[in-house]
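Under the working numbering, the first residue of the sequence shown is numbered 409, with each subsequent residue one higher.
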Amino acid sequence: MDHSPEHPALVRLRAELDAAWKGIGVLGDMEDVRRDRVVAELRGAVPDVASRAARAAGVDAAAAEIDRFAQAEVVSCDASVPTATIWDDIVHSAAEAAAATR
């Protein structure tokens, strides 16, 4: 199994996590219905990519990538939107999905 940080599955996971992290910060700018759809998409897509990365590149490599992003601070443009909680849910679900491939 290729555990290289440049494994295509890890690159894809990194890109998905980066896009999700950046998107979390603008949730406060969205209307409630649109925000709910975006959050639902992130909660499904990120763990799916994490699971595929774990199968392709190894659970430990995928988990390390997820952990790196889990430590990132989430900045919100609207204090009424619980972005930190949403981000924690997303990375926790991604970690669970990756670990489930063992």
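Virtual Cβ for every residue (Gly too), placed ideally from N, Cα, C. Note that the structure is a prediction, hence the values are computed from the model and not measured.
| Check | Outcome |
| --- | --- |
| Whose C-alpha, out of Ala-470, Val-434, Arg-420, is nearest the C-alpha of Pro-490? | Val-434 |
| Leaving out five residues before and five after Ala-502 in sequence, what residues of the same chain have Cβ atoms less than 6 Å from its Cβ? | Val-454, Pro-455, Ala-458, Ile-474 |
| Quick one: using the 10 Å Cβ neighbour count with 16 as the cut-off for buried, is Gly-466 buried or exposed? | buried |
| Which parts of the region 446-487 are runs of the alpha helix (DSSP H), unbroken and 4 residues or longer, counting only runs that do not cross its ends? | 467-478 |
| Rounded to whole angstroms, what is the Cα-Cα separation between Leu-450 and Met-438? | 15 Å |
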